[in-house]
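Chemist: Encoded as structure tokens, here's the structure I'll be asking about.
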Ligand SMILES: Nc1ncnc2c1ncn2[C@@H]1O[C@H](COP(=O)(O)OP(=O)(O)OP(=O)(O)O)[C@@H](O)[C@H]1O
Ligand SMILES: [Mg+2]
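Numbering (our numbering), first residue to last: 159 to 401.
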């Protein structure tokens, strides 16, 4: 398997009178098609790490390579373009545009990227929504849908530009059990059957079980990184490395 995402020595410190370290010295490599879960206590830096890997935040030190490209030299516009073309984001709160239809929410990233002609965009958006069981909801607005349906729209939107990597921050955090399992199965399908790389932060052990690999963060550092289901991955207390 070949590498899609690499981080070396990622550190993010918020400056201030009392600087806050969000993550410290994180190095990792993720291959195409991996389904990677990130777990850890609240405040351990999971979201911060995802923002750095997702090129939404810039590290204080260290670098991120996406598909072999060193992103550290990229300007804001280049980063925005790379995010739009290569990454898809799903958050705990769906962030769909309330005044747009479901279909338009999924069309928007394609429109911004402009890589497909108009009819192609429509066909793709409809197909994605149909694949996610939303064929009969496309003209509704997000507030007319259930939480699980909205999260599926957010996943369709994240998939719109056929990204290399889907990054999800607690995508099942607000969902009931049935909807959580549905989202879990959809994300696994992307990784297993469509060759997508999926990186998901979760607090839910049941959801985490669906991944191939589990990275545990403690105090902004990687405490363990291994196959899902190994004793380490299951949450054995590991010593925190010295500062
Ligand atoms: N803008 C900020 N200002 C000050 N501290 C911050 C800021 N953003 C994050 N932090 C702190 O950085 C640490 C890491 O935060 P982060 O949100 O990455 O944790 P998390 O693992 O995602 O937590 P949760 O499980 O609660 O979502 C926390 O201690 C948090 O309080
Ligand atoms: Mg978080």
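Idealized CB from N, CA, C, for every residue including glycine.
1) Is residue 203 near ligand 1, with its Cβ less than 7 Å from a heavy atom?
2) Report the rounded CA-to-CA distance for residue 257 versus residue 240, giving the unit in angstroms.
3) Is the distance from the Cβ of residue 373 to the Cβ of residue 383 below 8 Å?
4) Kindly indicate which three-state DSSP category residue 344 falls into: helix, strand or coil?
5) In whole angstroms, give me the CA-to-CA distance for residue 174 and residue 181.
6) In chain order, what are the residue ranges of uninterrupted alpha helix (DSSP H) at least 4 long that sit wholly in the region 289-313?
7) Among the candidates 328, 366, 333, whose CA atom is the shortest distance from the CA of residue 200?
8) According to the Cβ coordinates, are residue 268 and residue 283 closer than 8 Å?
9) Please work out which residues of its chain come closer than 6 Å, Cβ to Cβ, to residue 196, disregarding the five sequence neighbours upstream and downstream, and give them in chain order.
10) Identify which residue in 242, 217, 218 has its Cα closest to the Cα of residue 325.
11) What does a CB cutoff of less than 8 Å around residue 286 pick up in its chain, not counting 5 residues either side in sequence?
12) Does residue 167 come out as helix, strand or coil in the three-state DSSP assignment?
13) By alpha-carbon positions, which one of 377, 323, 370, 342 ends up nearest to residue 354?
14) Kindly confirm or deny that the region 328-343 and the region 268-280 touch, where touching means at least three C-beta pairs closer than 8 Å.
15) Excluding the 5 residues preceding and the 5 following residue 230 in the sequence, name in chain order all residues of the same chain whose CB lies nearer than 6 Å to its CB.
16) Say yes only if the C-beta of residue 198 is nearer than 7 Å to one or more non-hydrogen atoms of ligand 1, and no if none qualify.
17) Short of 6 Å in beta carbon distance, which residues of its chain neighbour residue 342, apart from the five on each side in sequence? Order them along the chain.
18) Secondary structure at residue 222, three-state DSSP: helix, strand or coil?
19) Taking 7 Å as the line, does the beta carbon of residue 222 fall inside it for any heavy atom of ligand 2?
20) Return yes when at least one heavy atom of ligand 4 lies under 7 Å from the C-beta of residue 362, else no.
21) Can you tell me where the alpha helix (DSSP H) with residue 412 in it begins and where it stops?
22) Rounded to whole angstroms, what's the CA-CA distance from residue 170 to residue 245? Just pull it up for me.
23) Around the Cβ of residue 252, are there at least 16 other Cβ atoms within 10 angstroms (buried) or fewer (exposed)?
24) Does the beta carbon of residue 178 fall short of 7 Å from some heavy atom of ligand 2?
Modeler: Judging by the given coordinates:
1) Result yes, Cβ under 7 Å from ligand 1.
2) Distance between the alpha carbons of residue 257 and residue 240 is about 27 Å.
3) In this structure, residue 383 lies closer than 8 Å to residue 373 by Cβ.
4) Helix at residue 344.
5) If you take the alpha carbons of residue 174 and residue 181, they lie about 16 Å apart.
6) Those alpha helix (DSSP H) runs which fall completely within the region 289-313 and span 4+ residues do not exist here.
7) Looking from the CA of residue 200, the closest CA among 328, 366, 333 belongs to 328.
8) Yes, these two residues count as a Cβ contact at 8 Å.
9) By the criterion of a C-beta distance shorter than 6 Å, residue 196 is surrounded in its chain by 204, 359, 373, once the five residues flanking it on both sides are discounted.
10) Distances from the CA of residue 325 to each of 242, 217, 218 were compared; the closest alpha carbon is that of 242.
11) Excluding residues within five positions, the ones whose Cβ falls inside 8 Å are 264, 314, 317, 318.
12) Of the three classes helix, strand and coil, the one that applies to residue 167 here is strand, per DSSP.
13) It is 323 whose Cα lies nearest to the Cα of residue 354.
14) The region 328-343 vs the region 268-280: no contact.
15) Excluding sequence neighbours, residue 230 sits near 221.
16) Yes, the Cβ of residue 198 comes within 7 Å of a heavy atom of ligand 1.
17) Correct list, in chain order: 365, 368.
18) In this structure, residue 222 counts as strand in the three-state DSSP scheme.
19) Flag unset: Cβ of residue 222 not near ligand 2.
20) Of the ligands this structure carries, namely ligand 1 and ligand 2, none is ligand 4.
21) In the structure displayed, the chain extends from 159 to 401; residue 412 sits before or after that span and is not available.
22) Computed Cα separation, rounded: 21 Å.
23) Residue 252 comes out buried.
24) For ligand 2, not one heavy atom lies less than 7 Å from the Cβ of residue 178.
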